[in-house]
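Trainee: Position one of the sequence shown corresponds to residue 1 (this note's numbering), numbered consecutively onward. Sharing a structure, written as structure tokens. Questions coming.
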Amino acid sequence: MKDNTLNFTRSKIFPYLVGLAALLVAGSAAFYSVFGLSKLFSGATLAVIIMAGSLEFAKLVSASFLYRYWTKVNTWLKYYMTVGVVTLVIITSAGIFGFLSNAYQGATIEYEKQAATLFHKEDRLIQLKEDKGYLKDELEQSVSMLPDNYPTAKRQLREEYNPKVLEINTQMLEIKQEIGNLKVLMIETGVDVGPAIYLARIFGTDIDTVVKFFIFILIFVFDPMAVALVISYNIAMVNRQLSQSEKLIGISNQQRRKVYEEDKQKILEHKPISKSPKTPEDDPKSWVTPYPE
Numbered sequence: 001m002k003d004n005t006l007n008f009t010r011s012k013i014f015p016y017l018v019g020l021a022a023l024l025v026a027g028s029a030a031f032y033s034v035f036g037l038s039k040l041f042s043g044a045t046l047a048v049i050i051m052a053g054s055l056e057f058a059k060l061v062s063a064s065f066l067y068r069y070w071t072k073v074n075t076w077l078k079y080y081m082t083v084g085v086v087t088l089v090i091i092t093s094a095g096i097f098g099f100l101s102n103a104y105q106g107a108t109i110e111y112e113k114q115a116a117t118l119f120h121k122e123d124r125l126i127q128l129k130e131d132k133g134y135l136k137d138e139l140e141q142s143v144s145m146l147p148d149n150y151p152t153a154k155r156q157l158r159e160e161y162n163p164k165v166l167e168i169n170t171q172m173l174e175i176k177q178e179i180g181n182l183k184v185l186m187i188e189t190g191v192d193v194g195p196a197i198y199l200a201r202i203f204g205t206d207i208d209t210v211v212k213f214f215i216f217i218l219i220f221v222f223d224p225m226a227v228a229l230v231i232s233y234n235i236a237m238v239n240r241q242l243s244q245s246e247k248l249i250g251i252s253n254q255q256r257r258k259v260y261e262e263d264k265q266k267i268l269e270h271k272p273i274s275k276s277p278k279t280p281e282d283d284p285k286s287w288v289t290p291y292p293e
């Protein structure tokens with residue numbers, strides 16, 4: 001398994017996979033950031049899109065440049081570009097936050113309207129219940145203050161209070177029906193933000209806090225991961241170029257070694273030819289045939 005992983009890492013396609021991942025993540029981050037910043041500065045949308053898009057491209061190129069030429073540029077330029085890249089990462093994260101916040105508000109604005117209306121109607125229902133209770137208490141006090149031999153007066157008091165109580169009951173029934181309809185609408189509308197509502201109930205907090213928490217997690221990972229993948233792509237490509245250079249050098253050395261071994265073998269296989277002296281005057285140096293140069 002380890003050998004397969006190493007082979008895949010060293011394969012020709014792996015650096016391009018890293019580059020594709022960097023392109024997708026960086027492109028997505030740039031799109032969301034540019035869109036979010038354009039919403040923030042809606043008075044000059046086109047200008048903001050051009051500015052933010054060029055800065056996003058410059059950020060990725062700067063990160064690649066810093067990795068490749070870190071030891072070759074002067075200190076001032078090196079640290080200025082580093083601060084610039086970090087600042088652009090923060091700006092990109094702010095743009096992504098604006099985009100996600102806008103998307104969240106678009107999905108929950110109707111739900112929040114219905115929730116506010118529901119709160120108002122429930123509060124009104126509580127007030128009507130209190131008013132009904134006050135009327136009943138007032139009626140009982142008024143009746144108790146009359147002597148027992150005044151049944152007609154007691155009946156008149158009840159007849160005076162009954163229409164008020166009936167009116168309150170009618171209003172309460174109408175509000176209860178409206179509350180029921182609102183709850184049904186909130187269930188239908190809450191499908192888009194259902195997971196956020198569920199998590200808010202689990203942690204005992206409101207929906208806005210849960211959504212903000214997840215947005216901060218996303219922006220903490222999103223653009224820094226894009227920059228990290230761009231640097232990783234540069235590392236993979238540089239290592240690949242070094243491997244190819246080492247391979248070419250190795251092939252050249254092997255060819256030289258092969259030629260050397262072949263020449264050596266030819267020299268070793270060439271046997272010297274001895275000459276018998278015909279006369280004593282022959283030069284002894286000519287008795288042996290020298291090796292070819």
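Positions of the beta carbon are idealized from the N, C-alpha and C atoms, including for glycine.
On the DSSP letters alone, give me the boundaries of the alpha helix (DSSP H) that Thr45 sits inside.
Mentor: Counting from 1 along the sequence shown, the entry for residue 45 is found at position 45. Element bounds for Thr45: Thr45 to Arg68.
Trainee: Mind checking whether Arg124 and Ile175 have CB atoms under 8 Å apart?
Mentor: As a position in the sequence shown, residue 124 is number 124, starting the count at 1. As a position in the sequence shown, residue 175 is number 175, starting the count at 1. For Arg124 and Ile175, yes; Cβs fall inside 8 Å.
Trainee: To the nearest angstrom, how far is it from the Cα of Leu55 to the Cα of Leu88?
Mentor: Position 55 of the sequence shown, counting from 1, holds the residue named residue 55. Position 88 of the sequence shown, counting from 1, holds the residue named residue 88. Leu55 and Leu88: Cα-Cα distance of roughly 7 Å.
Trainee: Assuming Ala26 contacts Leu60 under a Cβ cut-off of 8 Å, what Cβ separation, rounded to an integer in Å, is found between them?
Mentor: Stepping through the sequence shown from its first residue, residue 26 is reached at position 26. Stepping through the sequence shown from its first residue, residue 60 is reached at position 60. With a Cβ gap of about 6 Å, Ala26 and Leu60 count as contacting.
Trainee: Just to confirm, are Glu122 and Ile179 a CB contact at a threshold of 8 Å?
Mentor: Start at 1 with the first residue of the sequence shown, and residue 122 comes out as number 122. Start at 1 with the first residue of the sequence shown, and residue 179 comes out as number 179. Yes, they are a contact pair.
Trainee: Going by beta carbon distance, what residues of the same chain come within less than 8 Å of Leu182, once the five residues before and after it are set aside?
Mentor: Numbered from 1 along the sequence shown, position 182 holds the residue referred to as residue 182. Here the set comprises Gln114, Thr117, Leu118 and Lys121.
Trainee: Give the straight-line distance between the Cα atoms of Gly53 and Phe35, rounded to the nearest whole angstrom.
Mentor: Start at 1 with the first residue of the sequence shown, and residue 53 comes out as number 53. Start at 1 with the first residue of the sequence shown, and residue 35 comes out as number 35. Distance between the alpha carbons of Gly53 and Phe35: 10 Å.
Trainee: Given this structure, state the Cα-to-Cα distance separating Asn234 from Asp223, to the nearest angstrom.
Mentor: Locating residue 234 in the sequence shown gives position 234, where the first residue counts as 1. Locating residue 223 in the sequence shown gives position 223, where the first residue counts as 1. Approximately 17 Å between the Cα atoms of the pair.
Trainee: Is the number of C-beta pairs between the region 218-232 and the region 82-97 that are closer than 8 Å three or more?
Mentor: yes
Trainee: May I have the straight-line CA-CA distance separating Ala63 from Ala200, to the nearest angstrom?
Mentor: As a position in the sequence shown, residue 63 is number 63, starting the count at 1. As a position in the sequence shown, residue 200 is number 200, starting the count at 1. If I take the Cα positions, the gap works out to 39 Å.
Trainee: Can you give me the C-alpha to C-alpha distance between Phe102 and Lys12, rounded to a whole angstrom?
Mentor: Start at 1 with the first residue of the sequence shown, and residue 102 comes out as number 102. Start at 1 with the first residue of the sequence shown, and residue 12 comes out as number 12. It is worth fixing the name first, because residue 102 is Asn in this sequence and not Phe. Their backbone Cα atoms lie some 42 Å apart in a straight line.
Trainee: In whole angstroms, give me the CA-to-CA distance for Gly19 and Met237.
Mentor: For the purposes of this step, residue 19 is taken as residue 19 along the sequence shown, with counting starting at 1. For the purposes of this step, residue 237 is taken as residue 237 along the sequence shown, with counting starting at 1. Cα-Cα distance, rounded: 9 Å.
Trainee: Val299: which of Phe65, Glu159 and Lys39 sits nearest, CA to CA?
Mentor: Residue 299 lies beyond the stretch modelled for the chain, which goes from 1 to 293, so this question has no answer here.
Trainee: Under a three-way DSSP split, which group does Val25 fall into?
Mentor: Here residue 25 corresponds to residue number 25 of the sequence shown, with the count starting at 1. Helix, per DSSP.
Trainee: Within a Cβ cutoff of 8 Å, which residues of the same chain sit near Glu293, ignoring the five residues on either side of it in sequence?
Mentor: Along the sequence shown, read from residue 1 onward, the residue named residue 293 stands at position 293. Because the pLDDT at Glu293 is just 48, under 50, the model does not fix this residue reliably, and the point stays unresolved.
Trainee: Is Ala196 near Ile187, with beta carbons less than 8 Å apart?
Mentor: The residue given as residue 196 occupies position 196 in the sequence shown. The residue given as residue 187 occupies position 187 in the sequence shown. Judged by beta-carbon spacing, Ile187 lies beyond the 8 Å limit of Ala196, meaning their Cβ atoms are not closer than that value.
Trainee: Apart from the five residues on each side of it in sequence, which residues of its chain come closer than 8 Å, Cβ to Cβ, to Leu135?
Mentor: The residue you call residue 135 lines up with position 135 of the sequence shown. Hits under 8 Å: Tyr161, Lys164, Val165 and Ile168.
Trainee: Just the C-alpha distance for Thr209 and Tyr104, rounded to the nearest angstrom, thanks.
Mentor: Within the sequence shown, the letter at position 209 stands for residue 209. Within the sequence shown, the letter at position 104 stands for residue 104. Whole-angstrom Cα-Cα distance: 12 Å.
Trainee: Could I get the ranges of all uninterrupted alpha helix (DSSP H) runs contained in the region 196-233, with 4 residues as the minimum, in chain order?
Mentor: The region 196-233 contains no whole alpha helix (DSSP H) run of 4 or more residues.
Trainee: Are the CB atoms of Ile49 and Ser38 within a distance shorter than 8 Å?
Mentor: As a working mapping, residue 38 is identified with position 38 in the sequence shown. As a working mapping, residue 49 is identified with position 49 in the sequence shown. Between Ser38 and Ile49, the CB-CB gap stays under 8 Å.
Trainee: Do you know how far the Cα of Arg240 is from the Cα of Val73?
Mentor: By 1-based counting over the sequence shown, the position of residue 73 is 73. By 1-based counting over the sequence shown, the position of residue 240 is 240. So the alpha carbons of these two residues sit roughly 23 Å apart.
Trainee: Kindly list the residues whose CB is nearer than 8 Å to the CB of Thr71, restricted to its own chain and excluding five residues on each side of it in sequence; keep chain order.
Mentor: As a working note, residue 71 is residue 71 in the sequence shown. Excluding positions up to five away in sequence, the list is empty.
Trainee: Would DSSP call Val86 helix, strand or coil?
Mentor: Stepping through the sequence shown from its first residue, residue 86 is reached at position 86. Helix at Val86.
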